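In our numbering, the protein residues as written are 402 to 495. Each residue gets a CB set at the ideal place from its N, CA and C atoms; glycine is no exception. For clarity, every value in this text was computed on a predicted model and none was experimentally measured. One structure is given below, encoded as structure tokens.
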Amino acid sequence: NIFEEYKPDIILTLHAPYKVVNYDGPASEYAEKIAEILDFRTSSDIGYPTPGSMGNYFGVERNIPIITLELDENVPVENYQSKINKIFDYLANC
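Structure representation (structure tokens):
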């Protein structure tokens, strides 16, 4: 219900461990810029089927751009703080 109420233009999620900017729906342009900030690669395919995932539900079925930042599990999340702030700045200005 929260997504129906707020109708986001884009969804950003954090996950681990694949060190990739995964995207679904019309999000490839966002993903490329975010990958540049993180120095990660991009991928619309995580390597296995993901029915029922947020990416499938929002990106594929509802056409809302969704980005999953698959962070490196061996790097403390605090080390990503400044880069994630840059990502928020970028998305706020889109």
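For residue j and residue i, the rounded distance between their alpha carbons
i: LYS484; j: ASN402; result: 30 Å
i: PRO452; j: VAL461; result: 10 Å
i: LEU413; j: GLY456; result: 10 Å
i: TYR458; j: CYS495; result: 23 Å
i: PRO466; j: LYS434; result: 14 Å
i: SER445; j: GLN482; result: 24 Å
i: VAL478; j: ALA493; result: 22 Å
Of the listed residues the options, nearest to residue i (C-alpha basis)
i: ASN480; options: LEU439, ASP425, THR443 and VAL461; result: LEU439
i: PHE489; options: LYS408, GLU406, GLU405 and LEU415; result: LEU415
i: GLU471; options: PRO409, PHE441 and ASP410; result: PHE441
i: PRO427; options: GLU437, PHE404, ALA417 and ASN464; result: ASN464
Residue i, buried or exposed, once every other Cβ within 10 Å from all chains shown has been counted against 16
i: TYR407; result: exposed
i: TYR431; result: buried
i: ASN486; result: exposed
i: VAL421; result: buried
i: TYR449; result: exposed
Identified DSSP bridge partners for residue i
i: THR414; result: THR469
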